[in-house]
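For what it's worth, our numbering labels the leading residue of the sequence shown as 30, then goes sequentially.
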Amino acid sequence: MSTPEFKCGFVTVVGRPNVGKSTLTNALVGAKISIVSRKAQTTRHRIHSVLTRENEQFVFVDTPGFQTRHGGLMNRMMNRVVTQSLTDVDVVLHVVEAGKWNAGDEQLIPLLPKDAHVILVINKVDLIKNKADLLPYIAQVSAQFDYAAVIPISAERGVQLDTLLDEIARFLPVNEPMFDEDTLTDRSMRFIASEILREKVFRLVGDELPYGCAVMIEQWDENESGARIAACILVEREGHRPILLGANGTHMKRIATEARQDIQNLLEKPVYLDVYVKVRKGWTERESTLRELGHE
Numbered sequence: 030m031s032t033p034e035f036k037c038g039f040v041t042v043v044g045r046p047n048v049g050k051s052t053l054t055n056a057l058v059g060a061k062i063s064i065v066s067r068k069a070q071t072t073r074h075r076i077h078s079v080l081t082r083e084n085e086q087f088v089f090v091d092t093p094g095f096q097t098r099h100g101g102l103m104n105r106m107m108n109r110v111v112t113q114s115l116t117d118v119d120v121v122l123h124v125v126e127a128g129k130w131n132a133g134d135e136q137l138i139p140l141l142p143k144d145a146h147v148i149l150v151i152n153k154v155d156l157i158k159n160k161a162d163l164l165p166y167i168a169q170v171s172a173q174f175d176y177a178a179v180i181p182i183s184a185e186r187g188v189q190l191d192t193l194l195d196e197i198a199r200f201l202p203v204n205e206p207m208f209d210e211d212t213l214t215d216r217s218m219r220f221i222a223s224e225i226l227r228e229k230v231f232r233l234v235g236d237e238l239p240y241g242c243a244v245m246i247e248q249w250d251e252n253e254s255g256a257r258i259a260a261c262i263l264v265e266r267e268g269h270r271p272i273l274l275g276a277n278g279t280h281m282k283r284i285a286t287e288a289r290q291d292i293q294n295l296l297e298k299p300v301y302l303d304v305y306v307k308v309r310k311g312w313t314e315r316e317s318t319l320r321e322l323g324h325e
């Protein structure tokens with residue numbers, strides 16, 4: 030009996046903000062590569078996450094939510110990442126939220142490639158009490174584009190994820206693997222550490238702080254016994270500094286502690302993390318700063 034040919038390809042995950050793209054990518058890979066929070070535009074970069082099975086390798090491309098409500102240079106650069114990620118791709122997962130459809134979903138339709146297999150992924154089906162209500166919704170959305178398949182899932186609860194992977198695998202081209210089988214991402218640990226710290230900021234003070242904040246790793250000294258990391262949280266206004274610090278520095282202590290614990294788990298060694306705040310006015314409109322932060 031002949032061995033099945035190995036298949037490998039790029040799978041771009043797109044959708045409007047807050048439909049659960051990063052949660053889905055992490056759930057499919059089985060590891061926390063992309064950060065998640067309730068705040069829109071948590072994902073700002075194109076991140077490759079890798080899952081290798083016996084006869085397939087999936088290279089997932091997690092993208093920022095396509096932004097239609099806000100302008101500005103940073104948002105334009107993030108939207109460009111989305112459009113670029115839809116070229117030269119094998120499979121596209123168009124993620125929508127069950128029962129919801131708005132202008133953000135609508136404006137993505139013209140960007141979906143006609144020469145790739147596009148799967149409609151209906152996320153958060155666990156929040157729909159009467160599953161019969163999904164049928165007219167599926168019919169409504171399916172009429173918008175010629176999808177190769179429609180898969181209802183819950184990324185949070187792991188519902189139908191194996192079914193989704195099997196459907197994606199049908200469309201992957203025959204190819205040699207691009208990454209070693211134990212690779213989870215093409216991003217450096219330094220990048221992931223900065224993302225972990227930004228996630229803590231969004232989760233702990235996200236409702237009070239405008240999303241104009243970023244994280245820069247300014248020092249990374251690592252050896253077998255541990256790592257010493259200095260990180261800067263960049264904000265646009267002096268008034269943002271006390272929000273981040275909190276009363277008697279309580280916010281900052283919690284942000285740094287939770288980030289250090291996650292980074293320590295990632296590196297599997299002790300970590301010393303020093304975090305401070307730097308004000309740089311107008312950085313979200315400064316291309317040199319945005320490129321320094323890794324925006325494409």
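C-beta atoms are modelled at their ideal positions from N, C-alpha and C, and glycine is treated no differently.
What are the residues that DSSP puts in a beta bridge with Asp-250? Locating residue 250 in the sequence shown gives position 221, counting from the first residue. In DSSP, Asp-250 forms a bridge with Arg-257.
Quick check: what's the CA-CA separation for His-77 versus Asp-162? As a working mapping, residue 77 is identified with position 48 in the sequence shown. As a working mapping, residue 162 is identified with position 133 in the sequence shown. One C-alpha to the other measures close to 34 Å.
Quick one: grab the DSSP three-state call for Lys-52. As a first step, residue 52 must be located in the sequence shown, where it is residue number 23. Contrary to the premise, residue 52 reads as Thr rather than Lys in this sequence. Helix.
Excluding five sequence neighbours on each side, which residues of the same chain lie with their C-beta closer than 6 Å to the C-beta of Ala-184? For this step, residue 184 is matched to residue 155 along the sequence shown. Excluding positions up to five away in sequence, the list reads Gly-49, Thr-52, Leu-53, Ala-56 and Asn-152.
Just the C-alpha distance for Val-230 and Arg-219, rounded to the nearest angstrom, thanks. Counting from one through the sequence shown, the residue named residue 230 turns up at place 201. Counting from one through the sequence shown, the residue named residue 219 turns up at place 190. C-alpha of Val-230 to C-alpha of Arg-219: approximately 17 Å in a straight line.
Roughly how many angstroms separate the alpha carbons of Asn-84 and Val-120, rounded to a whole number? Here residue 84 is taken as the residue at index 55 of the sequence shown, counted from 1. Here residue 120 is taken as the residue at index 91 of the sequence shown, counted from 1. Rounded to the nearest angstrom, the two C-alpha atoms are 17 Å apart.
Closest residue to Thr-212 among Phe-35, Arg-45, Asn-47 and Val-88 (Cα-Cα distance): Position 183 of the sequence shown, counting from 1, holds the residue named residue 212. Thr-212 has its Cα closest to that of Val-88, out of Phe-35, Arg-45, Asn-47 and Val-88.
What three-state label does DSSP hand Ser-223 in the structure shown? Position 194 of the sequence shown holds residue 223. Helix.
Which residue or residues does DSSP assign as beta-bridge partners of Leu-80? In the sequence shown, counting from the first residue as 1, residue 80 sits at position 51. DSSP lists Phe-87 as partners of Leu-80.
With DSSP run on the structure shown, which of helix, strand or coil describes Met-245? What you label residue 245 is simply residue 216 of the sequence shown in a count that begins at 1. Here Met-245 sits in strand by DSSP.
Residues of its chain near Arg-98, where Cβ-Cβ distance is below 7 Å and the 5 sequence neighbours each way are ignored: On the sequence shown, residue 98 is found 69 positions in, with the first residue counted as 1. Legend: pLDDT at Arg-98 = 47, less than 50; position of this residue unreliable, value from coordinates given subsequently. Same-chain partners within the cutoff: there are none.
I'd like to check one pair, Val-40 with Leu-141: are the Cβ atoms closer than 8 Å? For the purposes of this step, residue 141 is taken as residue 112 along the sequence shown, with counting starting at 1. For the purposes of this step, residue 40 is taken as residue 11 along the sequence shown, with counting starting at 1. No, the Cβ-Cβ distance between Leu-141 and Val-40 is not below 8 Å.
What is the DSSP secondary structure of Lys-143, reduced to helix, strand or coil? Working through the sequence shown from its first residue, we reach residue 143 at position 114. Correct three-state label for Lys-143: coil.
Could you tell me which of Glu-205, Val-147 and Val-234 sits nearest to Ala-276, measuring between CA atoms? Sequence index remark: in the sequence shown, residue 276 carries index 247 (1-based). Nearest of Glu-205, Val-147 and Val-234 to Ala-276, Cα basis: Val-234.
Here's the rule: buried if 16 or more other CB atoms are within 10 angstroms of the residue's CB, otherwise exposed. What is Val-203? Within the sequence shown, the letter at position 174 stands for residue 203. Per the 10 Å Cβ criterion, exposed.
Which two residues bound the contiguous alpha helix (DSSP H) that contains Gly-353? With the chain running from 30 to 325 in the structure shown, residue 353 is simply not present.
Return the CA-CA distance between Arg-227 and Val-244, expressed in angstroms with no decimal places. Start at 1 with the first residue of the sequence shown, and residue 227 comes out as number 198. Start at 1 with the first residue of the sequence shown, and residue 244 comes out as number 215. Going from the Cα of Arg-227 to the Cα of Val-244 covers about 6 Å.
Nearest residue (CA-CA) to Arg-217, options Leu-296, Ala-132 and Tyr-305: Within the sequence shown, numbered from 1, the residue matching residue 217 stands at position 188. A quick correction: the sequence has Ser, not Arg, at residue 217. Checking every option, the nearest Cα to that of Ser-217 belongs to Leu-296.
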